[in-house]
Amino acid sequence: MDFFQQPRLMISVEKKGKGMLIKQTFPRRPYRYSEIRTPGFEFCFNLNGEIISIRGLTPDWPHPAEHFKRTVGNDWVYYTVGDKSGSDGVVSWMGEYYLPCLPYVSNPVWDVKCFSNPHVMMALAEWSQLYANLYMADSKGLYPRAKDLIKRILANDDQTLHERSQRLNDIIGGRISVLPPDTRHVNYDIIPVTIADGCLYHCKFCCVKSDQKFRKRSKESVLDQITALKDHFGADRTNYHALFLGNHDALAAGDDLICFAAQQAYKEFGFKQRLKQDPFLYLFGSVGSFLGAGETLFEKLNELPFDTYINIGFESIDANTLVGIGKPVTVEQVKEAFSKMMEINAGYNRIEVTGNFIMGANLPSDHYLSLAELLKNADVKNKSKGTIYLSPLKDSPNKRELLPQFYQLKEESRLPVFVYLIQRL
Ligand code: SF4
Numbered sequence: 520m521d522f523f524q525q526p527r528l529m530i531s532v533e534k535k536g537k538g539m540l541i542k543q544t545f546p547r548r549p550y551r552y553s554e555i556r557t558p559g560f561e562f563c564f565n566l567n568g569e570i571i572s573i574r575g576l577t578p579d580w581p582h583p584a585e586h587f588k589r590t591v592g593n594d595w596v597y598y599t600v601g602d603k604s605g606s607d608g609v610v611s612w613m614g615e616y617y618l619p620c621l622p623y624v625s626n627p628v629w630d631v632k633c634f635s636n637p638h639v640m641m642a643l644a645e646w647s648q649l650y651a652n653l654y655m656a657d658s659k660g661l662y663p664r665a666k667d668l669i670k671r672i673l674a675n676d677d678q679t680l681h682e683r684s685q686r687l688n689d690i691i692g693g694r695i696s697v698l699p700p701d702t703r704h705v706n707y708d709i710i711p712v713t714i715a716d717g718c719l720y721h722c723k724f725c726c727v728k729s730d731q732k733f734r735k736r737s738k739e740s741v742l743d744q745i746t747a748l749k750d751h752f753g754a755d756r757t758n759y760h761a762l763f764l765g766n767h768d769a770l771a772a773g774d775d776l777i778c779f780a781a782q783q784a785y786k787e788f789g790f791k792q793r794l795k796q797d798p799f800l801y802l803f804g805s806v807g808s809f810l811g812a813g814e815t816l817f818e819k820l821n822e823l824p825f826d827t828y829i830n831i832g833f834e835s836i837d838a839n840t841l842v843g844i845g846k847p848v849t850v851e852q853v854k855e856a857f858s859k860m861m862e863i864n865a866g867y868n869r870i871e872v873t874g875n876f877i878m879g880a881n882l883p884s885d886h887y888l889s890l891a892e893l894l895k896n897a898d899v900k901n902k903s904k905g906t907i908y909l910s911p912l913k914d915s916p917n918k919r920e921l922l923p924q925f926y927q928l929k930e931e932s933r934l935p936v937f938v939y940l941i942q943r944l
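The working numbering numbers the first residue of the sequence shown as 520 and each following residue consecutively.
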């Protein structure tokens, strides 16, 4: 007797999302993907057959636009629209229509209890059920037109997905503990290549630093990574439109290695313009490496076939705060780097330098006063560039109470201001 009852599945072997990256209230889709719908859920898969998102379709689901996304690091991140969906909602402080609820300890401004909602958690159980149903469907030869897709999905069970994320870390030499805030523009979907390990400072407050001293990678290491990543991302490479050159201070690696890595990655990963949108290049820089970078570096970056974002960790322009958080730079250096950010943003059409400052309940009031002054009086030549990200300190209590302070700084600032949450790859 056959007890197997195949539920109704609607299978779309190939679907197309928007080619252009635009901010939208509905979940972003990859350029090309596959979709399976059950009566209660929508599951999306990348071109390798790896599951990438789940969304509930019934009235029990918190909001039609909320969804789970699985990262290449194999984290299931829940994207919530928050409690307000208008212009004063999540988008007003994140710059995006979603707030990522991370399944690991981070620095949230707002602790949404996404993972305690049984309907939300049901989505992950439904993924296991779908996998089992596809297994049965495959053994019975059902859905012949989707045979190849089903085989690809079955080849990527949970254990395989976990192993693939470990393999990615092995290729680049360790997990990326934090992505630049600007990667929000591509929904954090980047291909990483490590060009330098460690960083110039080992700031006391930092929760993402590695113990390593700063060290550039060799060109051979960069080429080895690119070859292995090309194979690792496989067919799904075409869905990527962004490169992250890691790690915490890739800018300190210098123009030769940065441009070499960017050009090789561009060629090998098959990056190209999509609907007139160039691919994106992201990297971190420190106050020291940014101040030390000469015109040649920016001229060369501006010539690359990427739109480049460099994110600098300023943290504060208050001397006591800098000492308190153990950041070994002076107020003068931060001011100088801040002015340089304005100059670079005004002088190079394909480069945007952005900056991070900290927020926290127990910081000296001078931190906020000096920051407000800096942002209010910034000599802005291009108002759409030079985004300032405010990052809550991880151990700061009552983080949501930081939002009014954030709004005040944002309102007075001549530069765009958003909140920065620590997100790993
Ligand atoms: S804040 Fe930046 S420079 Fe300081 S330790 Fe962390 S990663 Fe390194």
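Using N, Cα and C, we set each Cβ at its ideal position, and we do this for glycine too.
Beta-bridge analysis with DSSP links Arg547 to no other residue. For Cys722, there is no enclosing beta strand (DSSP E), as DSSP marks it with neither H nor E. Taken in chain order, the whole beta strand (DSSP E) runs of length 3 or more contained in the stretch 547 to 634 are 551 to 556, 560 to 564, 570 to 575, 586 to 589, 595 to 599 and 618 to 620. Closest in alpha carbon position to His638, among Gly559, Gly608, Asp689 and Tyr707, is Gly559. Counting along the chain, Phe876 sits inside the beta strand (DSSP E) bounded by residues Ile870 to Met878.
DSSP, read as helix, strand or coil, puts Pro711 in strand. Tyr720 has its CB nearer than 8 Å to a heavy atom of ligand 1.
As a beta-bridge residue in DSSP terms, Phe937 pairs with Tyr908. For Leu893, there is no enclosing beta strand (DSSP E); the residue is found in the alpha helix (DSSP H) stretching over Ser884 to Lys895. No heavy atom of ligand 1 is found nearer than 8 Å to the CB of Val872. Exposure of Asn868 is indicated by the presence of fewer than 16 other C-beta atoms within 10 angstroms of its C-beta. Taking 8 Å as the cut-off, one finds at least one heavy atom of ligand 1 near enough to the beta carbon of Lys846.
In the structure shown, Gly843 adopts helical secondary structure according to DSSP, grouped into three states.
The shortest C-alpha to C-alpha distance from Ala642 to any of Ser932, Glu615, Arg574 and Ile555 is the one to Arg574.
Counting of Cβ neighbours within 10 angstroms places Ser910 among the buried residues, the total reaching 16 or more. Scanning the stretch 775 to 857 from its first residue to its last, the whole beta strand (DSSP E) runs of 3-plus residues come out as 799 to 804 and 826 to 834. Pro622 and Asp594 do touch by the CB rule: their CB atoms are close to 6 Å apart, below 8 Å. Taking C-beta atoms under 8 Å as the contact rule, Ile672 and Ala656 fail to qualify, at a distance of about 10 Å. Scanning its chain for C-beta atoms nearer than 6 Å, with the 5 sequence neighbours on each side dropped, one finds around Thr906 the residues Thr873 and Pro935, in chain order. Apart from sequence neighbours up to five positions away, the residues of its chain that approach Trp646 with a beta-carbon distance below 7 Å are Phe562, Ile570 and Ile573, ordered along the chain. At least one heavy atom of ligand 1 falls within 8 Å of the beta-carbon of Phe803. When the alpha-carbon of Leu794 is set against those of Lys786, Pro526 and Tyr550, the nearest one is in Tyr550. Under the three-pair Cβ rule at 8 Å, the stretch 711 to 722 counts as touching the stretch 793 to 807. Using a Cβ-Cβ distance cut-off of 8 Å, the stretch 747 to 762 and the stretch 786 to 793 are in contact, since at least three pairs of beta carbons, one from each stretch, lie closer than that value. The alpha-carbon separation between Phe833 and Val610 amounts to approximately 24 Å. By the 16-neighbour rule on beta-carbons within 10 angstroms, Gln744 is buried.
Taking the CA atoms as reference points, Val624 sits about 31 Å from Gly536. Around the beta carbon of Asp716, 16 or more other beta carbons lie within 10 angstroms, which makes this residue buried.
Assigned with DSSP and collapsed to three states, Phe733 falls in coil, not helix or strand. Below 8 Å, enough C-beta pairs join the stretch 703 to 715 and the stretch 764 to 779 to call them touching: three or more. Between Asn565 and Asn706, the C-beta gap is not smaller than 9 Å, which leaves the two residues out of contact. Residue burial is scored here from C-beta neighbours: Asp677 has fewer than 16 other C-beta atoms within 10 angstroms and is therefore classed as exposed.
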